[in-house]
Every structure is written in structure tokens, then in C-alpha cells.
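Start counting the sequence shown at 1; every next residue gets the next number (the numbering used here).
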Amino acid sequence: MLNIVLFGPPGAGKGTQAARLVDKYNLVHLSTGDIFRANIKGETELGKLAKQYIDKGELVPDEVTIGMLESEVEKNKDAKGFIFDGFPRTTVQAEALEKFLKQKGTEVTVMLALDVPEDELVKRILLRAKDSGRADDADESIIRNRIKVYNTHTAVVADYYDAKNKFKQINGVGSIDEISERLYNAIDNQ
Ligand code: ADP
């Protein structure tokens with residue numbers, strides 16, 4: 001299996017690039033943010049709970065997120081591999097994912113981290129807010145909080161994969177095509 005963790009701060013372009021990787025490598029895309037938003041739209045219990053955190057730019061609690069992610073993996077028994085987008089976002093989530101995949105006889109192949117400077121992130125997210133309809137995209141103070149949460153809780157997850165020699169940093173500034181090429185090269189030259 002090819003299991004990719006697509007990593008990077010909010011607005012780094014994970015969703016855009018994940019869609020391309022899915023097509024090229026025939027993978028199942030699991031975006032925790034997308035799954036939460038679908039639940040919010042469907043007014044499920046999970047959606048109601050997640051909304052309280054997402055609207056403030058905070059993380060949804062680990063046990064909720066981990067349970068949801070595992071059940072999504074279970075729904076895709078025939079998958080050739082997965083792109084995890086927005087997960088793991090804490091070290092606890094990274095440890096849970098490792099244990100879970102191990103039970104399934106597989107593992108994370110590589111973490112690809114998109115590197116984009118903070119001012120560029122805020123610009124991109126505010127631009128995306130015009131179409132995304134996401135409340136957490138439209139307010140600069142919520143965006144800054146998401147970046148702060150990323151820097152304090154999430155950035156360390158890179159060290160977890162680096163220690164296992166599974167971490168690759170990708171320059172996330174450039175055209176969408178250029179960035180895709182960098183990702184393809186990183187995957188193909190494993
Ligand atoms: P972005 O990366 O642009 O912030 P996402 O769509 O990945 O957007 O996530 C939106 C929100 O969903 C996050 O700010 C957070 O509240 C919640 N979320 C997504 N993934 C996780 C996760 N793995 N753990 C906890 N909360 C998460």
C-alpha cells in the first residue's frame with residue numbers, strides 16, 4: 001500500500017494537491033476537515049460537536065477525530081492506499097494511526113509537508129473564503145488562531161515522521177502544476 005500523509009499549515013494547498021495525487025496514484029482521499037464539514041452540513045451529532053471547535057479555529061478532540069478516521073479507513077477495504085489530509089494533527093493522532101495501520105499490516109509510507117510562509121497562507125485563505133463559504137476562512141483572527149494551533153500542536157508531528165526517516169519537505173510556493181511535480185518526484189524517488 002502507498003499511504004501518504006499530506007501535511008502543512010492551513011491554506012498550504014493540501015486539498016488541491018491531494019485531488020491530483022488521488023488521480024495519479026489511485027488512492028483514497030481522507031480529509032478530516034471535509035468529513036467534519038459534511039457532518040456539519042448533515043447536522044449529525046458528530047457535526048454538532050465538531051462545529052463548536054472548528055468555528056473557533058481549535059482542534060476537535062483527539063478521541064473523536066481518531067475514531068472517525070479509523071471508521072473511514074474501515075469503509076475502504078479495497079483501497080490501494082490512502083492520502084491522509086489534515087490527519088494526524090497531533091502526536092497522539094500520529095501514534096494512534098501507526099498502531100491502527102500496524103494492525104492492518106501496513107504503515108505510513110511517507111509524510112509530504114508543504115512549506116508556505118504565513119503571510120501567503122493568510123492571503124490564500126481569505127481568497128478561498130470567497131468561494132468556500134467556510135466561516136473559519138472568512139475571519140483573519142480565526143485564520144491566525146488556526147495557524148497558531150498548527151505551530152503549537154501540529155508542526156511537531158513532522159518530527160515524529162522525521163525520526164522514522166519518513167519526512168519530506170516540499171516547497172509549497174509556485175504554480176499548482178509545479179508543486180504537483182515536486183510531490184510526484186518525492187513519491188517516485190522514495
Ligand atoms: P485547514 O487545514 O485549511 O485548516 P481543514 O479542512 O483541514 O482546514 O480543517 C478544518 C478544521 O477542522 C480545523 O481547523 C480543525 O478544527 C478541524 N480538524 C480537521 N482535522 C483535524 C484533526 N486531525 N484533529 C482535530 N481537528 C481537526
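Cβ coordinates follow ideal geometry from the N, Cα and C atoms, glycine included. Keep in mind the model is a prediction, meaning the values are calculated, not measured.
The criterion of a C-beta distance shorter than 8 Å is satisfied by Glu120 and Val173. With a cutoff of 8 Å on beta-carbon distance, Val5 and Tyr184 are scored as not near each other. Under the 8 Å Cβ criterion, the region 46-58 does not count as touching the region 111-120, having fewer than three qualifying pairs. Contact between the region 90-102 and the region 143-160 is present: three or more C-beta pairs spanning the two stretches fall below 8 Å. Under the three-state reduction of DSSP, Gln190 is assigned to coil, being neither helix nor strand.
Apart from sequence neighbours up to five positions away, the residues of its chain that approach Lys168 with a beta-carbon distance below 8 Å are Val110, Met111, Leu112, Ala113 and Ala186, ordered along the chain. The C-alpha of Phe36 is placed about 7 Å away from the C-alpha of Ala50. Close CB contacts of Ser31 within its chain, under the 6 Å cut and outside five residues either way in sequence, are with Asp85 and Gly86 (chain order).
Residue pairing by DSSP puts Asp115 in a beta bridge opposite Asn171. Secondary structure at Val108: coil, using DSSP grouped into helix, strand and coil. Burial state of Pro9 is buried, judged by a 10 Å Cβ sphere holding 16 or more other Cβ atoms.
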